[in-house]
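The working numbering numbers the first residue of the sequence shown as 242 and each following residue consecutively. Quick reminder that beta carbons are idealized off the backbone N, C-alpha and C, glycines included. It should be emphasised that the depicted structure is a prediction, and the values quoted were computed from it without experimental measurement. Report on the following structure.
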Amino acid sequence: MRHDARDLISLTDLADEDLQAIVLRGVDHAAGRTGGERPLTGRVVGTYFSKTSTRTRTAFTCAALRLGAQVIAYGPGDLQLNTGESIEDTGRVFAAMLDAVVARTAGPPAELRAMAAHPRMAVVNAMTADEHPTQALADLTTLQERFGGIEGLRLLYVGEGNNTAAALALALTRFAGTHLELRTPPGYGVDPAVLERARILADGHGAVVAERHDMADLPGDLDVVYTTRWQTTGTSKPDPDWRSVFAPFRVTAELWDDHSKAVFMHDLPAHRGEEVDADVLDGPASIAFTQAENKLHSAMAVLEWCMRG
Ligand code: CP
């Protein structure tokens with residue numbers, strides 16, 4: 242029997258209560274409080290990754306298997322998309338056979354929306370050019386687990402205003418009293434439309450989101466310093482001198498001296514000595530690898546939300 246499904250293509254698809262429920266369910270999975278249930282037994286999940294992935298692909302594959310589903314994996318060269326079949330036709334065929342597809346593409350979310358026109362198949366965005374929603378859900382799961390709540394947290398994000406930053410801005414601003422300070426290199430900021438959307442969310446939830454393109458006058462009393470690698474998956478930078486623009490935005494051991502109360506987060510993969518000093522990434526304040534593990538627990542919560550209703 243096929244069930245109606247729910248898509249997760251952008252965080253803006255989620256009502257506040259859905260976002261919170263997924264985060265809390267992810268924490269329950271991480272704590273082993275969900276009792277090894279296999280609610281997706283008999284269901285089939287496709288994973289389609291046209292770009293490289295270690296964490297997200299493994300997390301969703303393991304999540305589907307742990308929940309009792311079976312998985313079909315498609316790599317970048319496997320589908321007839323490569324020979325010109327449309328994304329709409331691909332989605333139509335998938336929906337006749339799969340219960341969900343978890344997809345990472347290089348294009349805009351609109352591609353996934355074209356695949357998602359079928360109510361009985363869920364489509365999950367495992368990263369598009371604009372947004373990485375399941376990363377933000379894993380990040381919030383990690384914050385909830387670490388701090389016991391998300392409201393009121395103060396977070397500094399340093400680095401490119403990429404799809405991870407966009408997702409974080411669209412997620413954290415749903416929680417009252419949070420402050421998200423984005424420090425992005427000039428020319429590499431968060432998409433202005435996303436930032437405006439995040440500001441509207443922040444205004445509606447008693448939160449703050451701000452972006453600057455320098456590292457002066459950083460806010461104090463931080464709970465989290467977050468960075469991301471300088472070369473986002475599936476992208477390149479036309480400016481041959483881009484590294485000199487990014488250099489001031491490294492999370493160094495010296496920067497850490499001023500924020501020693503904070504924890505360090507990184508979506509990984511990391512390049513030690515580039516966006517972050519090894520002493521920080523591998524130091525006692527780092528929860529980056531807990532964050533990576535939480536991608537599994539959060540992916541289980543996402544699949545349950547999408548496929549169980
Ligand atoms: N953070 C993240 O999305 O990792 P992968 O690219 O390895 O999936």
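Within 8 Å, strictly: CB atoms of residue i and residue j
i      : j      : result
LYS536 : ALA379 : yes
THR414 : ALA448 : yes
THR297 : ALA363 : no
TYR289 : LEU249 : no
ALA407 : VAL435 : yes
ALA377 : LEU252 : yes
VAL286 : ALA310 : yes
ALA542 : HIS270 : yes
GLU516 : VAL492 : yes
When the options are compared against residue i, the one with the closest alpha-carbon
i      : options                        : result
GLU534 : CYS303, HIS373, LEU281         : CYS303
ARG361 : ALA377, VAL342, TYR467, THR531 : VAL342
PHE416 : GLU452, TRP483, ASP464, GLN261 : GLN261
ALA300 : ALA355, PHE335, ASP269, THR375 : THR375
THR383 : GLY267, GLY283, ALA314         : GLY267
VAL399 : PHE388, LEU442, PRO460         : PRO460
THR293 : ARG284, TYR315, ALA272         : TYR315
Residue i classed as buried or exposed, judged by whether at least 16 other C-beta atoms fall within 10 angstroms
i      : result
ASP340 : buried
SER527 : buried
HIS512 : exposed
ALA540 : buried
THR295 : exposed
ILE263 : buried
Whole-number beta carbon distance between residue j and residue i, since they are thought to touch under 8 Å
i      : j      : result
GLY402 : VAL431 : 3 Å
LEU544 : LEU381 : Not confirmed; about 17 Å, so no contact.
ARG470 : PRO510 : 6 Å
LEU463 : HIS500 : 5 Å
ARG247 : CYS547 : 5 Å
ASN404 : ALA370 : 7 Å
Same chain, Cβ closer than 7 Å to residue i, neighbours up to 5 away in sequence not counted
i      : result
ASP520 : ALA494
SER291 : PRO317, ARG345, THR346, ALA347
GLY194 : The displayed coordinates of the chain run from 242 to 550. Any statement about residue 194 would go beyond what the structure contains.
THR531 : THR383
Below-8 Å beta-carbon distance, residue i vs any chain B residue
i      : result
ARG438 : Of the protein chains in this structure there is only one, and it is not chain B.
Contacts around residue i, its chain only, beta-carbon distance under 6 Å, and the 5 residues preceding and following it disregarded
i      : result
ALA488 : none
LEU397 : GLU422, LEU463, VAL466
ILE328 : GLU352, ALA355, MET356
beta-carbon residue i near the ligand ZN non-hydrogen atom, thresh 7 Å
i      : result
THR414 : With respect to the ligand ZN, the structure offers nothing, as its ligand set consists of the ligand CP.
Sequence-distant residues of the same chain with beta carbon closer than 8 Å to residue i, five excluded per side
i      : result
THR473 : GLU401, ASN403, ASN404, THR405
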